[in-house]
Structure formats: structure tokens, C-alpha cells
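Visitor:
In my numbering, the protein residues as written are 76 to 832.
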């Protein structure tokens with residue numbers, strides 16, 4: 076059987092690697108993906124292994140790459156995937172990658188720091204300029220032309236430096252100006268009034284344009300404040316309060332000429348800083364372009380390099396410390412490719428001594444290897460989600476390629492909906508090589524794309540079952556003429572014109588002579604969609620169909636176990652496991668399927684009113700009783716049902732105790748044979764661990780003496796075998812009941828899909 080239907084044959088092998096060429100050989104093996112390495116140093120701490128320094132260097136480079144990626148994302152750039160799969164770098168190339176990545180990271184740090192400093196300085200200059208401009212409106216008010224100055228009363232509305240008002244002031248007026256966050260204005264103003272007792276005049280105005288908040292990075296509209304006061308103590312209080320509210324205070328010249336000069340000077344500084352900042356942005360963009368170009372390749376290279384050193388840490392050295400020994404699980408048919416990869420790696424490293432691989436015997440169960448392609452990968456993932464098959468067991472995934480989409484289609488049967496699903500999956504299949512589809516970052520989209528072939532078959536099967544249900548977007552389609560004669564029904568009924576006008580839906584009664592003219596060519600007759608008893612008809616049909624298909628599906632799964640028993644040469648399991656399982660399943664639930672078909676065949680529309688209930692018969696079957704009101708389907712039904720229940724119950728202890736007792740008896744015979752053998756041949760000294768060449772470094776003497784995969788030489792724990800068989804028996808018996816009920820979800824979800832759509 077191929078690897079699709081059964082996991083491949085896997086063996087345990089040893090790799091003998093020269094220290095100089097070990098890195099190249101592991102790199103070549105990793106590119107081909109042929110092996111699974113075993114850890115030969117399980118008791119050694121990760122920090123005490125030989126190549127821990129190289130692993131740490133790779134981790135440091137990964138930290139540097141993370142910083143570079145964060146800088147790219149901060150600049151609004153998304154690093155693309157690696158265009159090709161680069162090989163792991165050599166030692167000299169790894170040093171070059173480390174040096175260049177650290178240099179780029181240092182340049183980004185310096186440029187980012189300089190840009191942040193320039194932005195902060197530019198923001199301060201712009202805020203200072205806005206403070207001076209807005210302050211001019213409060214501290215200077217030119218008199219209208221042709222009017223003579225006249226004295227005015229002191230008021231908060233008058234400009235503080237108005238000459239007519241200043242003549243009445245003998246004290247020197249000072250200013251505190253700056254910007255404050257708009258959320259703090261109210262509290263700031265209240266505290267100023269309470270602390271200074273009115274020895275100030277505070278004015279607040281919003282900045283004309285929003286600016287960035289250095290703390291949060293958000294764009295907000297700052298509030299400019301100008302506080303006029305007299306007295307040095309009042310000024311100290313104002314400055315302390317401003318510091319408490321994290322206000323940005325700027326110098327505010329007292330004379331108008333000084334303010335005009337300061338505004339002119341700020342204009343020049345802002346222009347110079349803008350030019351400098353623009354050049355910094357250009358240089359930063361160049362550095363980011365270089366990072367975006369090389370970062371994906373570097374990431375893949377360092378990840379492969381780290382993986383190689385982690386594998387080398389799992390190897391052990393020989394006595395001379397010149398050779399590394401590794402143990403691997405390898406597919407038997409790939410042993411020649413492994414040797415070729417080792418030869419290629421030795422050649423690339425320039426080593427004069429070739430590395431080689433040697434197969435060794437073991438009694439351990441190898442890992443399961445099932446090769447997949449882009450079509451079978453989705454189905455294999457679904458099967459593996461429920462449990463990975465043991466080594467060399469039958470793989471259910473090939474059969475799930477048909478059963479899974481078909482069972483889905485039973486619930487989702489609709490031509491229109493299935494066609495949409497099919498076209499969507501077909502589009503993904505036709506353009507599966509497109510980089511835009513493969514390189515998406517949305518996890519949900521990647522899930523759909525990886526399962527495109529699964530969705531394609533689900534859509535195709537939904538179209539098929541949609542034709543059977545005769546539903547297209549939940550509407551019936553009349554592909555063929557109906558097989559019902561409505562005129563015959565109308566002639567045998569008392570329907571009047573008024574009744575037909577008020578009842579658009581009528582009840583279909585097959586128990587009318589001449590109303591049924593033959594079966595519909597394919598699927599369900601579309602006239603049922605116009606009947607009031609449409610749901611009753613589909614309810615019975617889909618419920619029985621779900622039970623029949625579910626029991627057939629479970630029976631098929633049990634039959635697959637026969638191939639495992641034959642393959643592993645466990646013929647006793649055919650009698651002690653397969654036969655009781657089939658008797659239990661068929662005696663109970665197979666009989667239920669028989670009743671369904673028998674009732675369909677025996678009873679027609681004419682005598683459907685007197686047809687007995689299968690559900691009541693099935694309940695009476697377990698109770699060993701009969702119901703006088705529920706007539707039997709056939710003569711002698713009660714004795715037959717009693718015999719079937721007894722057979723099903725009798726198969727349970729056989730399933731529970733058969734295999735453990737057989738293993739126990741067989742183990743006793745083997746031990747007796749082992750005790751008799753030394754008397755005839757003489758006892759031999761046991762082998763020391765690792766004494767014979769070609770044995771696993773982790774193998775025990777029993778493993779070596781067993782000579783491979785034969786389970787006869789292993790000591791069997793009867794309690795463990797019995798516990799395992801008990802769990803299997805309970806799971807199987809309860810699973811037959813619960814799974815049969817679970818298959819009724821096909822019926823429920825099919826009806827729900829038809830009604831909700």
C-alpha cells in the first residue's frame with residue numbers, strides 16, 4: 076500500500092558526521108526534509124551543550140531583526156515574504172549578516188533619535204511662534220486713526236499694555252506665556268485664581284492648527300495661555316503651578332519690538348529645521364528600503380542556522396571528539412537520498428572524509444509519516460486533528476476525501492449555495508500560484524486558502540445533493556415535469572374556487588387513485604414545495620437517510636480495522652475484536668436500518684395509516700417487551716429482536732476479555748519456551764550496553780536481543796493490556812449509541828439550512 080493509504084516504513088539510523096562537515100551535512104539534510112532527529116543528550120541542560128554559543132548568537136540576531144521589523148512597521152511598511160528559500164549561511168557569511176544587521180540597526184537608532192529630536196525642536200519653535208502671534212492680540216491694541224487717546228477704566232477686556240491704562244499703573248507688569256493640554260485648562264484656571272487672589276489676568280485661546288502630543292503621538296489642538304501679573308511672588312506661584320500642570324512655558328518679550336524681532340527669528344529657524352528634517356526623512360527612507368530588501372532573506376537564513384545548531388546539540392561526540400553521532404528516524408526508501416545529501420554536504424565543506432548513514436535495529440515504534448500534497452494536505456489535517464494514526468496503520472484521510480464533503484453536502488444541499496462555494500474555491504485553485512493569495516496576513520483567509528480543494532469538493536457535492544433536494548437558493552426548480560396529477564386530487568376533493576383562492580398551499584395526499592403517475596426522474600418532486608405537508612415529508616425522509624448513512628459510515632470504519640489486523644499479522648483480533656464489534660453494531664443499529672427499508676417496501680400510501688412505529692419497536696427491543704397497540708412489522712419479530720439483543724450483549728465480554736486473555740496465554744507459552752531453551756543450548760552472557768557496533772546509543776540489551784520490531788520478546792503487562800481493552804470496549808459501545816444520535820445532526824442542520832435560507 077502506498078503512503079497515502081498507510082504510513083510509510085520508517086527505520087532508525089545513525090549518522091556519522093565529521094566535525095568539520097557536520098554543519099554543511101545537517102544543512103543539506105534540512106533542505107531535503109528527510110529525517111527526524113532524536114535527542115541523544117536528554118539529561119544535559121540546554122545551557123551546557125556544545126553549540127549553545129552559536130544558538131545565542133542566532134537569538135541575538137533575531138532580536139536585531141525584530142527591532143528592524145518594528146521600525147519598518149512604525150514607518151508604515153510591511154516586510155514582504157522571502158522571494159526564494161535561501162540556504163543556511165556559512166560561518167563567514169553569518170558574520171557578515173550579523174555585522175550588517177547591527178550596522179543597519181545602529182543607523183536606524185541614530186536617525187530615528189535625530190529625527191525625533193528635530194521634530195521636538197520644530198514643534199517647540201512652532202508652538203512658540205503661535206504663542207507670540209496670539210499674544211500680540213492681547214498685549215497690543217493700536218488706536219484708530221484720527222482719534223485722540225483718552226483715559227479708560229481698568230478692565231479685564233482692556234489690553235494690559237495699552238498706554239492709556241498703563242499710565243494708571245505704577246507697578247511693573249510681567250508675563251507668563253505657554254501652551255497647555257485642553258483637558259487641563261479648567262483646573263489650571265481655577266487653581267490660578269485661588270492661589271493668586273486676582274493679582275493676574277489670564278487669557279486662553281486655542282491654537283490655530285492641531286499639533287502632535289509628544290507623550291501619546293495623537294494630534295490635538297493645544298490651548299495658548301497668556302498670564303499678566305505684577306509682583307515677583309505671584310510670578311513664582313504661576314510658574315510652579317504651570318510646572319505642576321505640565322505646561323510648556325515660553326519666553327514672552329515685554330516690548331512689541333522685541334516680540335516682532337522674535338517672530339522673525341523663529342520663522343528663519345523653522346525653515347532651517349524643516350529642510351534638515353526633510354533630509355533626515357530621505358536618509359531614513361533609504362535605510363528602511365535597504366532593510367526591507369534584505370530582512371526577509373536574513374530571517375530565513377538565521378532561522379535555518381539556528382535550527383542546524385539545535386540539531387547539532389542533540390548529537391553526541393565519539394571518544395576522539397572528532398566525529399558527531401546522530402540518531403534519526405528515516406523513511407526506508409529515502410536512505411539513498413540521505414547518503415547522497417551527506418556526500419554533498421561533505422563536498423561543500425571541503426572535507427576529505429565522507430559522512431555516512433547506517434541503519435540500526437530497534438524495538439521502539441517509529442513515528443507516523445504520511446506524505447501529502449496540496450490536494451490531500453487539507454483532508455489529512457482534519458484527520459490529524461482528531462488523532463494521528465499509529466505507525467503503519469490504515470490512513471483514513473483518502474476515504475475522508477469523499478465522505479467528509481458528502482456528509483457536509485447532506486447538511487448544505489443547495490444548488491445555488493453550492494455553486495457559489497464551488498466557484499469561490501475554483502477561483503482560489505486556478506490562481507493558487509498568485510503571490511497575493513499566498514502571502515496574505517489574515518489568518519481566516521489563509522485557512523480558507525489552505526483548504527481550497529476541500530471547499531471545492533464541498534461545493535461540488537452540495538450541488539449534487541441540491542439537485543436531489545431540488546433546491547436552488549431554497550427555492551424548488553422544475554427541471555422535469557411533476558409526476559403528480561393535481562387535477563386528480565382536485566376531482567376527488569371538495570375544494571371550491573373560494574377555498575383555492577384563499578389557500579395557495581395545498582396538502583398532497585398520495586392515497587388518491589391516479590394522483591401518482593410514476594417517480595420523478597431525479598431527486599424530490601418540486602410539487603412538494605407547494606404542499607402544506609412539505610416539512611412532514613422531508614422530516615421523515617432526511618431523518619431516516621441520516622441514520623442509514625451514519626450507520627454505514629460507522630460500519631465502514633470498523634471494516635478498515637480488518638486491514639490493520641491483517642497487516643500486523645494479528646489474526647486473533649479478527650475473531651476477538653472485529654467480529655464482536657460487527658455483531659454489536661449490526662445486531663442493534665444494522666437491524667434498525669433493516670427496519671427502515673422493510674417498512675418502506677412493505678407499506679404503501681394506502682395502508683400508511685396503520686404502519687407501526689419503528690421507534691417504539693426499537694425501544695421495545697431493548698426492554699424485551701411488545702406493544703399491543705404497535706403492530707409487528709413481520710411475523711416472529713419479537714423473538715428475532717430478543718436474539719439480536721442477546722447477541723449484542725454477549726459480544727461485549729468477548730470484546731472486553733478476548734484480546735487480554737489471548738495475550739496472557741501467549742505470553743505464558745513464550746516464557747515457558749524461553750526457560751526451556753537455555754537447558755538445551757546453554758546460557759549466554761548478556762550483551763553490554765553499546766558493546767556491539769551498530770546498535771542505538773539509547774538501546775538497552777533487551778532492544779538489541781529483540782532484533783527489531785518483533786513484540787514477542789517484550790514483557791507484556793496484563794493489567795495495562797486489560798485497561799487499554801476496557802477503555803476501547805467502553806468507547807466503542809457508547810460511541811455506537813452516541814454517534815448514531817450525532818448523525819441525526821445531518822437531518823437537523825439540513826432542515827435548518829433549508830428553512831433559514
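Ideal Cβ placement from N, Cα and C applies to all residues, glycine included.
For residue 676 versus residue 689, is the C-beta spacing smaller than 8 Å?
Guide: No.
Visitor: Please confirm whether residue 442 and residue 84 have their CB atoms less than 8 Å apart.
Guide: It is not a contact, given that the beta carbons lie outside the stated cut-off.
Visitor: What's the C-alpha gap between residue 155 and residue 453?
Guide: Cα to Cα, the separation comes out at about 25 Å.
Visitor: Compare the C-alpha of residue 561 against each of 586, 539 and 384 and name the closest.
Guide: The shortest C-alpha separation from residue 561 is found at 586.
Visitor: Can you name, in chain order, every residue of its own chain whose Cβ lies under 6 Å from the Cβ of residue 658, other than the five neighbours on each side?
Guide: Correct list, in chain order: 722 and 726.
Visitor: Of all the alpha helix (DSSP H) runs that stay within the bounds of the segment 679 to 718, which reach a length of 4 or more residues?
Guide: Runs of the alpha helix (DSSP H) inside the segment 679 to 718: 689 to 698.
Visitor: Please list, in chain order, all residues of the same chain as residue 685 whose beta carbon is under 6 Å from its beta carbon, the five residues on each side excluded.
Guide: Cβ neighbours of residue 685 beyond the five flanking positions: none.
Visitor: Can you list, in chain order, the residues of its chain with a C-beta nearer than 6 Å to that of residue 529? Leave out the 5 residues immediately preceding and following it.
Guide: Closer than 6 Å at Cβ, skipping near neighbours: 453.
Visitor: Assuming residue 622 and residue 818 make a contact with CB atoms under 8 Å, what is their CB distance in whole Å?
Guide: With a Cβ gap of about 6 Å, residue 622 and residue 818 count as contacting.
Visitor: Determine which residues share a DSSP beta bridge with residue 433 and list them.
Guide: The partner list for residue 433 (beta bridge, DSSP) reads 89.
Visitor: Mind checking who residue 381 pairs with in its DSSP beta bridge?
Guide: Residue 381 pairs with nothing; no bridge assigned.
Visitor: Kindly indicate the opening and closing residues of the beta strand (DSSP E) around residue 206.
Guide: Not the beta strand (DSSP E): residue 206 falls in the alpha helix (DSSP H), residues 166 to 214.
Visitor: Per DSSP, residue 113 forms a beta bridge with which residues?
Guide: The partner list for residue 113 (beta bridge, DSSP) reads 402.
Visitor: Go ahead and pull the three-state DSSP assignment for residue 840.
Guide: For residue 840 there is no data in the structure shown, the boundaries of the chain being 76 and 832.
Visitor: Under a three-way DSSP split, which group does residue 95 fall into?
Guide: It is coil, neither helix nor strand.
Visitor: Going along the chain, which unbroken runs of the beta strand (DSSP E) with 3 or more residues stay wholly within the segment 305 to 374?
Guide: List check, beta strand (DSSP E) in window: 323 to 325.
Visitor: Our contact map puts residue 252 next to residue 300 with C-beta atoms below 8 Å; I'd like the distance itself, whole angstroms only.
Guide: That pair is a contact at about 7 Å.
Visitor: Could you give the distance in angstroms between the alpha-carbon of residue 558 and the alpha-carbon of residue 539?
Guide: Near 21 Å, if we compare the C-alpha coordinates of residue 539 and residue 558.
Visitor: Could you round the C-beta distance between residue 249 and residue 304 to whole angstroms and report it? I think they count as a contact, below 8 Å.
Guide: At roughly 6 Å, the Cβ-Cβ gap stays under 8 Å, so residue 249 and residue 304 are in contact.
Visitor: Which residues in the same chain have their Cβ closer than 8 Å to the Cβ of residue 231, if we skip the five residues on either side of it in sequence?
Guide: At residue 231 the pLDDT is 40, less than 50, meaning the model places this residue with poor confidence; the figure from the coordinates comes in the next sentence. These residues qualify, in order along the chain: 276.
Visitor: With residue 281 as the anchor, note down where its beta strand (DSSP E) starts and where it stops.
Guide: Here the beta strand (DSSP E) through residue 281 covers 275 to 281.
Visitor: Flag this pair as touching only if the segment 641 to 653 and the segment 732 to 740 have three or more C-beta atom pairs under 8 Å; answer yes or no.
Guide: Yes, the segment 641 to 653 touches the segment 732 to 740.
Visitor: Between the alpha carbons of residue 346 and residue 177, how many angstroms are there, rounded?
Guide: One C-alpha to the other measures close to 34 Å.
Visitor: Hey, could you find the ends of the beta strand (DSSP E) residue 249 is sitting in?
Guide: Per DSSP, residue 249 belongs to the beta strand (DSSP E) from 249 to 255.
Visitor: Please report the distance separating the alpha-carbon of residue 129 from that of residue 381.
Guide: Using only the alpha carbons, I get a separation of about 8 Å.
Visitor: Give every residue of the same chain whose Cβ lies closer than 8 Å to the Cβ of residue 200, excluding the five residues on either side of it in the sequence, and list them in chain order.
Guide: 341, 344, 345 and 348, listed in sequence order.
Visitor: Identify whether residue 840 lies in helix, strand or coil by the three-state DSSP scheme.
Guide: Outside the shown range of the chain (76 to 832) lies residue 840, about which nothing can therefore be said.
Visitor: Please report the distance separating the alpha-carbon of residue 745 from that of residue 678.
Guide: Taking the straight line from one Cα to the other gives about 60 Å.
Visitor: Report the rounded CA-to-CA distance for residue 712 versus residue 693, giving the unit in angstroms.
Guide: So the alpha carbons of these two residues sit roughly 11 Å apart.
Visitor: Using 10 angstroms around the beta-carbon of residue 433, count the other beta-carbons present and answer buried if the total reaches 16, otherwise exposed.
Guide: Exposed.
Visitor: Whole angstroms are fine: how far does the CA of residue 309 sit from the CA of residue 274?
Guide: Spanning the two alpha carbons is a distance of roughly 7 Å.
Visitor: Check the C-beta distance from residue 437 over to residue 626 and give it rounded, since I have them as a contact under 8 Å.
Guide: With 8 Å as the limit, residue 437 and residue 626 do not qualify as a contact, their Cβ atoms being about 42 Å apart.
Visitor: What does the alpha-carbon distance come out to for the pair residue 521 and residue 160?
Guide: Near 20 Å, if we compare the C-alpha coordinates of residue 160 and residue 521.
Visitor: At what residues does the alpha helix (DSSP H) containing residue 59 begin and finish?
Guide: It is not possible to answer for residue 59, since the shown part of the chain is limited to 76 through 832.
Visitor: Quick check on the DSSP output: the alpha helix (DSSP H) that includes residue 415 runs from which residue to which?
Guide: It spans 410 to 424 - the alpha helix (DSSP H) in which residue 415 sits, taken as one unbroken run.
Visitor: Whose CA, out of 322, 386 and 202, lies closest to the CA of residue 259?
Guide: For the residues 322, 386 and 202, the minimum Cα distance to residue 259 belongs to 322.
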